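Below is one structure; the comments refer to it alone.
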Amino acid sequence: MSKQWQWSSAWTLLLFLIFFLSSTTTSTTDYACKFSQSHPFCDTSLPTLTRARSLVSLLTLPEKILLLSNNASSIPRLGIPAYQWWSESLHGLALNGPGVSFAGAVPSATSFPQVILSAASFNRSLWLRTAAAIAREARAMFNVGQAGLTFWAPNINLFRDPRWGRGQETPGEDPMLASAYAVEYVRGLQGLSGIQDAVVVDDDDTLMVSACCKHFTAYDLDMWGQFSRYNFNAVVSQQDLEDTYQPPFRSCIQQGKASCLMCSYNEVNGVPACASEELLGLARDKWGFKGYITSDCDAVATVYEYQKYAKSQEDAVADVLKAGMDINCGTFMLRHTESAIEQGKVKEEDLDRALLNLFSVQLRLGLFDGDPIRGRFGKLGPKDVCTQEHKTLALDAARQGIVLLKNDKKFLPLDRDIGASLAVIGPLATTTKLGGGYSERISYAFGCYDVPCDSDDGFAEAIDTAKQADFVVIVAGLDATQETEDHDRVSLLLPGKQMNLVSSVADASKNPVILVLIGGGPLDVSFAEKNPQIASIIWLGYPGEAGGKALAEIIFGEFNPAGRLPMTWYPEAFTNVPMNEMSMRADPSRGYPGRTYRFYTGGRVYGFGHGLSFSDFSYNFLSAPSKISLSRTIKDGSRKRLLYQVENEVYGVDYVPVNQLQNCNKLSFSVHISVMNLGGLDGSHVVMLFSKGPKVVDGSPETQLVGFSRLHTISSKPTETSILVHPCEHLSFADKQGKRILPMGPHTLSVGDLEHVVSIEIY
138 MSKQWQWSSA
148 WTLLLFLIFF
158 LSSTTTSTTD
168 YACKFSQSHP
178 FCDTSLPTLT
188 RARSLVSLLT
198 LPEKILLLSN
208 NASSIPRLGI
218 PAYQWWSESL
228 HGLALNGPGV
238 SFAGAVPSAT
248 SFPQVILSAA
258 SFNRSLWLRT
268 AAAIAREARA
278 MFNVGQAGLT
288 FWAPNINLFR
298 DPRWGRGQET
308 PGEDPMLASA
318 YAVEYVRGLQ
328 GLSGIQDAVV
338 VDDDDTLMVS
348 ACCKHFTAYD
358 LDMWGQFSRY
368 NFNAVVSQQD
378 LEDTYQPPFR
388 SCIQQGKASC
398 LMCSYNEVNG
408 VPACASEELL
418 GLARDKWGFK
428 GYITSDCDAV
438 ATVYEYQKYA
448 KSQEDAVADV
458 LKAGMDINCG
468 TFMLRHTESA
478 IEQGKVKEED
488 LDRALLNLFS
498 VQLRLGLFDG
508 DPIRGRFGKL
518 GPKDVCTQEH
528 KTLALDAARQ
538 GIVLLKNDKK
548 FLPLDRDIGA
558 SLAVIGPLAT
568 TTKLGGGYSE
578 RISYAFGCYD
588 VPCDSDDGFA
598 EAIDTAKQAD
608 FVVIVAGLDA
618 TQETEDHDRV
628 SLLLPGKQMN
638 LVSSVADASK
648 NPVILVLIGG
658 GPLDVSFAEK
668 NPQIASIIWL
678 GYPGEAGGKA
688 LAEIIFGEFN
698 PAGRLPMTWY
708 PEAFTNVPMN
718 EMSMRADPSR
728 GYPGRTYRFY
738 TGGRVYGFGH
748 GLSFSDFSYN
758 FLSAPSKISL
768 SRTIKDGSRK
778 RLLYQVENEV
788 YGVDYVPVNQ
798 LQNCNKLSFS
808 VHISVMNLGG
818 LDGSHVVMLF
828 SKGPKVVDGS
838 PETQLVGFSR
848 LHTISSKPTE
858 TSILVHPCEH
868 LSFADKQGKR
878 ILPMGPHTLS
888 VGDLEHVVSI
898 EIY
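Numbering (the working numbering), first residue to last: 138 to 900.
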């Protein structure tokens, strides 16, 4: 053992004192390369990798260890300040991570709708503009020492089970939709493009801020029964991994160019995600990930303490570093890396590799380029946070995502000019702040005093209030007491006595009522869907700071709703399905109904993509091919075999493995669609193109989303749009071995009730 590893207890204590005294945000007067430009890592003319290697070479081993935590310590002798890696920006800058503070010149940031509602807009440009606005506010707050530059978002796990408390944070249940959201969010946040006046980054190396794809992978259970995210082993087939769980992460890395990947708490097929060389190697070696890999917070400790995968603390450190993880959110590696090195389980080169990845991202962010105020983003400050432009964007995002679930006899919109009175009732009644023209004619009653609604003591007042009003809006649903991180639901019904409140108020009202549902997760509101006294149902999600105004605009017809559900709304009976069952495909032999619209075979309250408008629409396919030939894209070695099988009718060719096709992009085709607005109101409309392929092998999807387009339509006029289809990606799925296959034969493309068949053939 070399002398440099024989540290005294006093020196170790000093290291920890330095760590815990480090500030969580960097002041604008405390930046790297402030006093000396002589170090190569301060030389902006050198390549990023050269600068990163130089910095690693200058560090002592004790210093290296202190940089392996999210709260990275300062290195005073090199003029490097402390840095907090953990900041959160899921739908706006937030205090969930210690890197953000609102104690200073910036007291708050713009609050955009929660991700699940933004996803319901099915609008790529909106997602990009929202992320770009968040990035602008992040840089502005960094410049005044109130935020870091590394943000651990987006959450792109699939909303696999409707009970998941964090499903609200995700773009929904469909891998194609989640992939599209991931790409736009990351591009917007990292500065590849932006909204008006945003600073646009025009090269692959520079980052405005850093985005992080999380949680890799198959993480969608927090606390259910005996299972928690800390001890849960997600048993996932290679088939489901390939065509369901992994596509959003692959897209986030390959197309979004994310600079961070977070490994999840759970095990995947018996191996903790953060200790899986297979998973982390897949991201780096096959998908080409360039950035740093962080653990979820205390996930390294979990490898030893909860999952018992590692036999010792030192083994846990060794496992994650050798798997390819770079930084630990938490203090576990600070406390146990020294002894892991002393025991020979970790080498200094393992730390060097991790630090090289970390410094490379910090260099791309400009953290070693001197005074940030003199840099390309230096003019951003408090004036760029909560701007009118961002407030307008938050309102537009809420408008675009809100989903009209039911509207019997076109009950909505209401006419605000008739001077009618309005009652707003329910445990969440005052959260909507409807205002508008009814601001002096609105009465409120809670009915339930909180969301759990364990008592009906307030029902009488609510019913009396409803009787006196011309129109009634009931606001019910969920909040953080029902669904959140570390807390999954056990029921899909409205909490407590909320259902009774809704029905009682509806029965008492002189006119049919409007039911507004708040919350991220699906709800079984079959009772309301069937009740003629409940004329309209609106899903508001968690709409952010402008949700009340957006809701009022829809109720009174100032905005024509166009949101679509990004997840299936299951009946309460679905709660009989074990939440720990990760299989996507249905299995009738054991009564398993499958999951998500792609494979689920049971009944639905509302389906994926459901959403009404004040207008009706019709479609027409303007152009689309009827046949796609693979003859020129099949690799030479496979062509002869496949053609021989076809010509000699050996057993037929049901599918072609995608890896046997070359130049897949040459198979791409566009589907041109005309949309006619048949209503009396202009408004946006989401065109969703689905495909149903031949059932060539077990596990074929029932249907799957191929593409989508949100467009503005004019009353009584047609509007055209085009959706690009990549057969190797959009019309394929995985076989049981996890290999992508493209089924031969007829593929039925559908928009609404309109269908078009495209046949895929060998020649």
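From the three backbone atoms N, C-alpha and C, an ideal C-beta is built for every residue, glycine too. From a predicted model like this one, the values you see are computed outputs, not experimental measurements.
Give a yes or no on whether the C-beta atoms belonging to residue i and residue j are separated by under 7 angstroms.
{"i": "tryptophan 676", "j": "leucine 542", "result": "yes"}
{"i": "leucine 230", "j": "alanine 246", "result": "yes"}
{"i": "glutamine 444", "j": "glycine 875", "result": "no"}
{"i": "alanine 534", "j": "threonine 267", "result": "yes"}
{"i": "alanine 617", "j": "glycine 563", "result": "no"}
{"i": "tryptophan 264", "j": "tyrosine 322", "result": "yes"}
{"i": "leucine 891", "j": "tyrosine 756", "result": "yes"}
{"i": "valine 642", "j": "isoleucine 611", "result": "yes"}
{"i": "serine 807", "j": "serine 766", "result": "no"}
{"i": "asparagine 370", "j": "glutamate 414", "result": "no"}
{"i": "threonine 431", "j": "cysteine 466", "result": "yes"}
{"i": "glutamine 221", "j": "glycine 285", "result": "yes"}
{"i": "tyrosine 679", "j": "glutamine 363", "result": "no"}
{"i": "arginine 877", "j": "valine 793", "result": "no"}
{"i": "phenylalanine 296", "j": "valine 346", "result": "no"}
{"i": "alanine 256", "j": "tyrosine 318", "result": "yes"}
Which residues mark the beginning and the end of the beta strand (DSSP E) in which residue i is found?
{"i": "valine 588", "result": "No beta strand (DSSP E) contains valine 588, which DSSP labels as neither H nor E."}
{"i": "leucine 629", "result": "Looking at the DSSP string, leucine 629 is not in any beta strand (DSSP E), and its letter there is neither H nor E."}
{"i": "arginine 303", "result": "Per DSSP, arginine 303 belongs to no beta strand (DSSP E) and is neither H nor E."}
{"i": "proline 855", "result": "855 to 862"}
{"i": "tyrosine 792", "result": "792 to 794"}
{"i": "leucine 398", "result": "397 to 400"}
{"i": "serine 211", "result": "Neither: serine 211 is in no beta strand (DSSP E) and is coded neither H nor E."}
{"i": "arginine 847", "result": "841 to 850"}
{"i": "asparagine 820", "result": "Before going on, a small fix: residue 820 reads as glycine here, not asparagine. Run containing glycine 820: 820 to 829, per the beta strand (DSSP E) assignment."}
Residue i lies in the alpha helix (DSSP H); which residues open and close that run?
{"i": "cysteine 349", "result": "Cysteine 349 -> not in any alpha helix (DSSP H); beta strand (DSSP E) instead, spanning 347 to 353."}
{"i": "glycine 325", "result": "312 to 327"}
{"i": "glycine 538", "result": "525 to 538"}
{"i": "glutamine 392", "result": "From DSSP, glutamine 392 is part of no alpha helix (DSSP H); its letter is neither H nor E."}
{"i": "isoleucine 878", "result": "Counting along the chain, isoleucine 878 falls outside any alpha helix (DSSP H), though it belongs to the beta strand (DSSP E) covering 877 to 880."}
{"i": "threonine 431", "result": "Unbroken run through threonine 431 is the beta strand (DSSP E), 429 to 432; no alpha helix (DSSP H)."}
{"i": "methionine 278", "result": "261 to 280"}
{"i": "arginine 722", "result": "Element bounds for arginine 722: n/a, residue is neither H nor E."}
{"i": "leucine 471", "result": "469 to 479"}
{"i": "asparagine 115", "result": "With the chain covering only 138 through 900, there is no way to say anything about residue 115."}
{"i": "glutamine 499", "result": "485 to 501"}
{"i": "arginine 190", "result": "185 to 194"}
{"i": "phenylalanine 736", "result": "733 to 736"}
Bridge partners of residue i, per DSSP?
{"i": "glutamate 898", "result": "Ser766"}
{"i": "arginine 578", "result": "DSSP output for arginine 578 lists no bridge partner at all."}
{"i": "phenylalanine 132", "result": "Outside the displayed range of the chain (138 to 900) lies residue 132, so it cannot be described from this structure."}
{"i": "glycine 678", "result": "Ile655"}
{"i": "phenylalanine 608", "result": "Leu559"}
{"i": "tryptophan 706", "result": "Tyr743"}
{"i": "leucine 254", "result": "Answer by DSSP bridge pairing: none, since leucine 254 is not bridged."}
{"i": "methionine 360", "result": "Ser365"}
{"i": "proline 244", "result": "Proline 244 is not bridged to any residue."}
{"i": "glutamine 221", "result": "Asn208"}
Which whole-angstrom value is the C-beta distance of residue i and residue j, which I expect to be below 8 angstroms?
{"i": "aspartate 180", "j": "arginine 188", "result": "7 angstroms"}
{"i": "leucine 205", "j": "methionine 470", "result": "5 angstroms"}
{"i": "aspartate 487", "j": "leucine 458", "result": "4 angstroms"}
{"i": "histidine 867", "j": "cysteine 801", "result": "With 8 angstroms as the limit, histidine 867 and cysteine 801 do not qualify as a contact, their Cβ atoms being about 11 angstroms apart."}
{"i": "glycine 503", "j": "proline 509", "result": "7 angstroms"}
{"i": "tyrosine 734", "j": "phenylalanine 745", "result": "4 angstroms"}
{"i": "tryptophan 223", "j": "glycine 236", "result": "5 angstroms"}
{"i": "alanine 560", "j": "alanine 603", "result": "5 angstroms"}
If you measure from the CB of residue i, is any heavy atom of the ligand SAM nearer than 6 angstroms?
{"i": "phenylalanine 870", "result": "In terms of ligand content, the structure shown is empty, and the ligand SAM therefore cannot be addressed."}
Should the region 827 to 837 be regarded as contacting the region 845 to 859, the criterion being three or more beta carbon pairs within less than 8 angstroms? no
Counting Cβ pairs, one atom from each stretch, are 3 or more of them under 8 angstroms apart for the region 674 to 692 and the region 624 to 638? no
Would the region 263 to 276 and the region 585 to 594 be scored as touching if the rule is three or more Cβ pairs under 8 angstroms? Touching, no.
Count the CB pairs spanning the region 495 to 508 and the region 640 to 647 that are closer than 8 angstroms, and state whether there are at least three. no
Under 8 angstroms: do the region 736 to 752 and the region 682 to 699 share three or more Cβ pairs, one atom per stretch? yes
Counting beta carbon pairs with one atom in the region 349 to 358 and one in the region 700 to 712, are three or more of them shorter than 8 angstroms? no
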